[in-house]
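Asker: Sharing a structure, written as structure tokens. Questions coming.
In the numbering used here, the protein residues as written are 374 to 503.
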């Protein structure tokens, strides 16, 4: 693994992941995900950890460029700013009504409530450009 990074598994065990593959992480929600955890997105399926997102962001600093934005349902989401390839205005016909911008992060989209300009500034600051 290029950047072996330990996280705490759901059962308290240590799991090693390649942190350079992380595209985003956020608190879990909904009935399809275990409550009270953080979902880390890399690859096809998320990994779940009891570690808080803000603590993960601090630990990941320097490995990825975590930028904190807000999902349309009001949850924080940290996106690796270095993996964002575009930021564009949301389309009310396609996206959540509260979303104002959509980020393309590798092969997925992340809707956020920040507008394009604000999201771009937060991403630039995370990468040290802004």
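Don't be surprised by glycine CBs; every beta carbon is placed ideally from N, CA and C.
Note that the structure is predicted; figures quoted are calculated from it, not measured.
Going by the C-beta, is residue 490 closer than 7 angstroms to any heavy atom of the ligand GTP?
Answerer: Of ligands this structure carries none, so the ligand GTP is not represented either.
Asker: Sorted by chain position, which residues of the same chain lie with C-beta nearer than 8 angstroms to residue 416's C-beta, five sequence neighbours on each side aside?
Answerer: Position 43 of the chain shown holds residue 416. Cβ neighbours of residue 416 beyond the five flanking positions: 394.
Asker: DSSP state of residue 411, grouped into three classes?
Answerer: Translated into positions along the chain shown, residue 411 becomes position 38. If DSSP states are grouped into helix, strand and coil, residue 411 belongs with the strands.
Asker: Just the C-alpha distance for residue 387 and residue 413, rounded to the nearest angstrom, thanks.
Answerer: Start at 1 with the first residue of the chain shown, and residue 387 comes out as number 14. Start at 1 with the first residue of the chain shown, and residue 413 comes out as number 40. Going from the Cα of residue 387 to the Cα of residue 413 covers about 15 angstroms.
Asker: Do the region 471-481 and the region 419-436 meet, that is, are 3 or more Cβ pairs less than 8 angstroms apart?
Answerer: Flag = no, the region 471-481 and the region 419-436 do not touch.
Asker: Exposed or buried, residue 452, counting other C-beta atoms within 10 Å across all chains shown (16 or more means buried)?
Answerer: Walking along the chain shown from the start, residue 452 turns up at place 79. Its Cβ being crowded by 16 or more others within 10 Å, residue 452 is buried.
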